[in-house]
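Have a look at the structure below, then the notes.
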Amino acid sequence: MKIQQAEEDKLSLLERNTRGVGAADAWRWYSSNREKFLRPVYVPLLCMSLKESTDARYLENIVGNRDFQMFVCGCPQDEALLQKQAHDSRWRINSTVLQMPETSEDDNGRRLPQNLAALGFRCFASQLFDAPSIVKKYLCNVAVLDRIPIGTNQTDQLLERSGDDKLMEEFARQGLKLLLTTSKRMSIVQSRYSNGCSTRVDELRDQIRWLTMHTMTSSTVDLAGKNDECKELQTRLDAKKADCAGQKTEIGRERERIRQQLRELSQRQDTKNRLQRDLETKNARLKQMMENKPDLSQATVDMETALKDLTRRSLTSIQHMADTLARIEELTHRMGSAALEHEFFKRLLAKKQLELSNHQDVGQQKLDEFTEKKREVDEVKQRVRSQLMKVYEKTGLSSLNRDALPPAEVAAYDAMWKTFNDAKISNDLASVKLQLAQESGRLNAAGTDGQKQDLVEYHKLQEELVMKTTTLQSEMRKRDNWQQQMDERRTEWLTPLTQLIQSISDNFANFFTQIGCSGEVRLSKGDDPNDVSKYGVEIMVKFRANEKLRRLTAQVQSGGERSVSTMLYMMALQELCPVPFRCVDEINQGMDPTNERKVFGMMVNLLSGTGNLSKTQYFMLTPKLLPNLKFSNKLSVLIVHNGPAMLEENKWNMEKFIELATAA
Numbered sequence: 119m120k121i122q123q124a125e126e127d128k129l130s131l132l133e134r135n136t137r138g139v140g141a142a143d144a145w146r147w148y149s150s151n152r153e154k155f156l157r158p159v160y161v162p163l164l165c166m167s168l169k170e171s172t173d174a175r176y177l178e179n180i181v182g183n184r185d186f187q188m189f190v191c192g193c194p195q196d197e198a199l200l201q202k203q204a205h206d207s208r209w210r211i212n213s214t215v216l217q218m219p220e221t222s223e224d225d226n227g228r229r230l231p232q233n234l235a236a237l238g239f240r241c242f243a244s245q246l247f248d249a250p251s252i253v254k255k256y257l258c259n260v261a262v263l264d265r266i267p268i269g270t271n272q273t274d275q276l277l278e279r280s281g282d283d284k285l286m287e288e289f290a291r292q293g294l295k296l297l298l299t300t301s302k303r304m305s306i307v308q309s310r311y312s313n314g315c316s317t318r319v320d321e322l323r324d325q326i327r328w329l330t331m332h333t334m335t336s337s338t339v340d341l342a343g344k345n346d347e348c349k350e351l352q353t354r355l356d357a358k359k360a361d362c363a364g365q366k367t368e369i370g371r372e373r374e375r376i377r378q379q380l381r382e383l384s385q386r387q388d389t390k391n392r393l394q395r396d397l398e399t400k401n402a403r404l405k406q407m408m409e410n411k412p413d414l415s416q417a418t419v420d421m422e423t424a425l426k427d428l429t430r431r432s433l434t435s436i437q438h439m440a441d442t443l444a445r446i447e448e449l450t451h452r453m454g455s456a457a458l459e460h461e462f463f464k465r466l467l468a469k470k471q472l473e474l475s476n477h478q479d480v481g482q483q484k485l486d487e488f489t490e491k492k493r494e495v496d497e498v499k500q501r502v503r504s505q506l507m508k509v510y511e512k513t514g515l516s517s518l519n520r521d522a523l524p525p526a527e528v529a530a531y532d533a534m535w536k537t538f539n540d541a542k543i544s545n546d547l548a549s550v551k552l553q554l555a556q557e558s559g560r561l562n563a564a565g566t567d568g569q570k571q572d573l574v575e576y577h578k579l580q581e582e583l584v585m586k587t588t589t590l591q592s593e594m595r596k597r598d599n600w601q602q603q604m605d606e607r608r609t610e611w612l613t614p615l616t617q618l619i620q621s622i623s624d625n626f627a628n629f630f631t632q633i634g635c636s637g638e639v640r641l642s643k644g645d646d647p648n649d650v651s652k653y654g655v656e657i658m659v660k661f662r663a664n665e666k667l668r669r670l671t672a673q674v675q676s677g678g679e680r681s682v683s684t685m686l687y688m689m690a691l692q693e694l695c696p697v698p699f700r701c702v703d704e705i706n707q708g709m710d711p712t713n714e715r716k717v718f719g720m721m722v723n724l725l726s727g728t729g730n731l732s733k734t735q736y737f738m739l740t741p742k743l744l745p746n747l748k749f750s751n752k753l754s755v756l757i758v759h760n761g762p763a764m765l766e767e768n769k770w771n772m773e774k775f776i777e778l779a780t781a782a
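Position 364 (the sequence shown) corresponds to 482 in the numbering used here; numbering is contiguous.
In structure tokens:
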């Protein structure tokens, strides 16, 4: 009755502290429907029992309110059933799934390290209370109770006197991040970069809200004893089950052995029957042959006659085959010679056809050039005829040949040539056109009468010319100043950028050298150095000795080569920018095995060395890894097994899995 009353009191306490959540109603519903669940469900507040009432304040300073009222289920099916009812009843409860430990962990038998005991620590927080193993496991997972030591007044005094940072660093190396004394809560934080420790000290809260009625009673102790007996019986039962399973396996093996013997006996019986039938058949044939035995003398004569006939026909066939082989050999030689001649003339024909095609192309090109030149000559002749007609009309001459002119036109012809010679007219067409334009301008100017307005306009144009010249000079000075400022700013921006690109290029080239290739990173400035929008980074790579450096593009390099280049460029950048961790996803997809092995080995060397990359924790996600890759103590391989058909954790056998995978 006392135990039942204690459970009711704990349930009432849960109901008071979780108003509006429905945790108590959910527990009552579970208690009424236990048969629907595959495994027990626990709420830490309802199944915890303190060894000392004064220890409640320690646990309430460690365990969160949400964890006291958490519903801990043993399998996902139970959690789904509970959450479905919670959704229908509008309870706002929290639940989780935790596997039942294979063995019961005895925290009471766990001893404190010697250095903690010397400072007055009496136990770990997980030893302050009793609860089912799955509840203890849950609270240790979420609150690390098994790593939080509980101190005494002596602990306060010793820690205040010591005040040594080395002591805190020693606690941090032991994995202790929280210490409790009778009045203080000490949190230890260790930096990942400097390895230094910082300590925060807070006063313990004395208010107890959850563990007000959880002290163990004698009945509880008796119940714990019975629980231990049940566990012992369960252990014995498990041992019996294991023995039965072993016997079952042995019986199965014996049964399989007997079946194998039966199959062998059956096969032997079949063999015996077959041999018996063959023997009967042989005896029947032997009996028939004995009954039909031929005449040996006649058979001898027939055999000799047949042998002579066979010998004669064999000689004839052999002679015929020899003649045929000789004929085949002669034809083979002739066919070989003909084939060689055919191949020679075939190649000669192809060569001549190629030469003919080239000559035809050259001839067609020359014909096209001749046609074009002929057309140009015809056009020039037509223009010359037209100009001659104009000359004849202007001069009144009938010909430009002096000997062919009548006497009346000779004087006009001489006067025309004298005028040309005196004018010194050039034979260059462009010079003639320029002189005509100048003469035309002079004629226009000579035919225009000057006015006062023209003079005013002239002075105005001179003033505008002076103003425009001054403005032009000012703008040119501004342009020069702007150009100088732009050059200075571009130099200020370009100098560190060039140094950064050079650092990246040095790292990139070093990484490529380690895999037996060449590479560099360049700054591309485009055609106009002032147009910074055209600036960019060019990645140049060479994967074979007989090649030269070529720009990395999707058209030149293969997918695997681009993957290697991308990975090494990324690592060259990361060498200049250390961060706590990075994650890359399937970066080795598309690489050929040789480059993948080289890149992986180089990554292991860099990340395990002393450079900036060794300060970064890398997570590389990949569906596959090559065999016999380089390994180091700083490298871990985590294999994820998941899927709807996965076994439970306690049934998983890694050796069996590797054996099956190797056999496949």
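By construction, the Cβ of each residue, glycine as well, lies at the ideal position given by its N, Cα and C atoms.
Proximal residues to residue i (C-beta, below 7 Å), its chain only, five neighbours per side dropped
i, result
"residue 368", "none"
"residue 101", "Outside the modelled stretch of the chain, which goes from 119 to 782, sits residue 101, for which no answer is possible."
"residue 470", "none"
"residue 375", "none"
"residue 206", "none"
Extent of the continuous alpha helix (DSSP H) to which residue i belongs
i, result
"residue 415", "414-513"
"residue 597", "570-632"
"residue 237", "That residue, residue 237, is in no alpha helix (DSSP H); it is neither H nor E in DSSP."
"residue 176", "174-178"
"residue 165", "162-165"
"residue 521", "Careful: residue 521 lies outside any alpha helix (DSSP H) and carries neither H nor E."
"residue 194", "194-207"
"residue 692", "677-693"
"residue 145", "141-150"
"residue 723", "711-725"
"residue 776", "772-781"
Span of the beta strand (DSSP E) around residue i
i, result
"residue 646", "Careful: residue 646 lies outside any beta strand (DSSP E) and carries neither H nor E."
8 Å contact criterion, which residue i and residue j should meet: CB distance rounded
i, j, result
"residue 734", "residue 700", "6 Å"
"residue 193", "residue 214", "In fact, because the Cβ distance is near 12 Å, the residues do not count as touching under 8 Å."
"residue 216", "residue 255", "6 Å"
"residue 323", "residue 135", "So it is not a contact: roughly 15 Å between Cβ atoms."
"residue 619", "residue 713", "About 25 Å separates the two Cβ atoms, so there is no contact after all."
"residue 744", "residue 711", "6 Å"
Per DSSP, cross-strand counterpart(s) of residue i
i, result
"residue 638", "658"
"residue 736", "700"
"residue 213", "189"
"residue 298", "268, 303"
"residue 319", "304"
"residue 248", "167"
"residue 668", "659"
Beta-carbon proximity list for residue i, same chain, < 8 Å, skipping 5 on both sides
i, result
"residue 212", "184, 187, 188, 189"
"residue 697", "734"
"residue 766", "217"
"residue 415", "none"
"residue 339", "Residue placement at residue 339 is poorly supported in this model, since its pLDDT is 42, which falls under 50; the coordinates still yield a value, given next. Excluding positions up to five away in sequence, the list is empty."
"residue 781", "none"
"residue 291", "none"
"residue 221", "Annotation note: pLDDT 44 at residue 221 (below 50); position unreliable, no value reported."
"residue 715", "744, 747"
"residue 288", "233"
Cβ-based neighbour list, residue i, same chain, cut-off 6 Å, excluding 5 preceding and 5 following
i, result
"residue 295", "306"
"residue 132", "141, 142, 163"
"residue 319", "302, 304"
"residue 774", "none"
"residue 130", "none"
"residue 209", "140, 144"
Is the stretch 156-171 in contact with the stretch 282-296, if contact means three or more CB pairs nearer than 8 Å? no
Does the stretch 678-694 come within contact of the stretch 646-662, defined as at least 3 CB pairs closer than 8 Å? yes
Three or more C-beta pairs under 8 Å: does that hold for the stretch 671-679 against the stretch 701-711? yes
Tell me whether the stretch 637-646 and the stretch 611-628 touch, counting them as touching only if at least three CB pairs, one residue from each stretch, are closer than 8 Å. yes
Taking contact to mean 3 or more Cβ pairs, one atom from each stretch, closer than 8 Å, check whether the stretch 177-192 and the stretch 291-304 are in contact. yes
Using 8 Å as the cut-off, can you tell me whether the stretch 710-730 makes contact with the stretch 642-651, which would need three or more C-beta pairs spanning the two stretches below that distance? no
Using 8 Å as the Cβ pair cut-off and three pairs as the minimum, do the stretch 234-253 and the stretch 263-280 touch? yes
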